[in-house]
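Okay, structure first, notes after.
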Amino acid sequence: MNKAMVALCLVAACTAATAAPKDPARAQLEAEITAADARLFGGLNERDISPMKEGFSPRLEFYHDRSGVTGYADNIAIFEKNFRAPNRVRRIAMPETVEIFPAGPDHAMHIGQHRFCNKPPGPAPEECSVYRFSMVWEREGGQWKLLRVLSYDH
């Protein structure tokens, strides 16, 4: 087979793969996880602990490349303390970096990057950085809760 024919076949295969309709179940899972993520981090951005208490599984394990491993109670206490601080931290989703995969009927893997911005009090400018995450969500009683978090590349 000549090189032109091989190239044509590769282009056709790639076009067919990208033109294929998305599996409706996968699209539904992506919509549900994206919504759960937005609710959870909406709490962070609004300094409202309620969505975080509801969005974290009581069995949460949060692995951070700088501060180690924490659980549900630790994270709630950390966020409550941060919400009382004078600086403002916000998280900006980066949907173009996100991949969501099913992991059985009641779990999903959520991988990507997000931007965190810190605005100190006063005239100091806001500083933002991009970090990586890998999360596992679990469906409990019809609601997606964050079960495991790997937060890295800080």
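Residue numbering for the sequence shown is -19 to -1, 1 to 135, as defined by mature numbering (1 follows the signal peptide of the UniProt record, and there is no 0).
Cβ atoms here follow ideal geometry from the backbone N, Cα and C, with glycine treated the same way.
This structure is a prediction, so every number in the text was calculated from the model and none was measured.
In the pairwise beta carbon analysis, the region 25 to 35 is classified as touching the region 52 to 62: at least three pairs are separated by under 8 Å. If you draw a straight line from the Cα of W118 to the Cα of V79, it comes to about 14 Å. Residue pairing by DSSP puts M116 in a beta bridge opposite H91, V130.
Setting aside the 5 residues that flank it on each side, R71 is surrounded in the same chain by N26, C98, each with a C-beta closer than 6 Å to its C-beta; the list follows chain order.
A distance below 6 Å between beta-carbons, with the five flanking residues on each side excluded, links E42 to the following residues of its chain, in chain order: R129. When secondary structure is reduced to three states using DSSP, K3 falls in the coil class, being assigned neither helix nor strand.
In the DSSP annotation of this structure, the continuous segment of the beta strand (DSSP E) that includes G49 starts and ends at 49 to 52. The straight-line gap separating the alpha-carbon atoms of E11 and H95 is approximately 17 Å.
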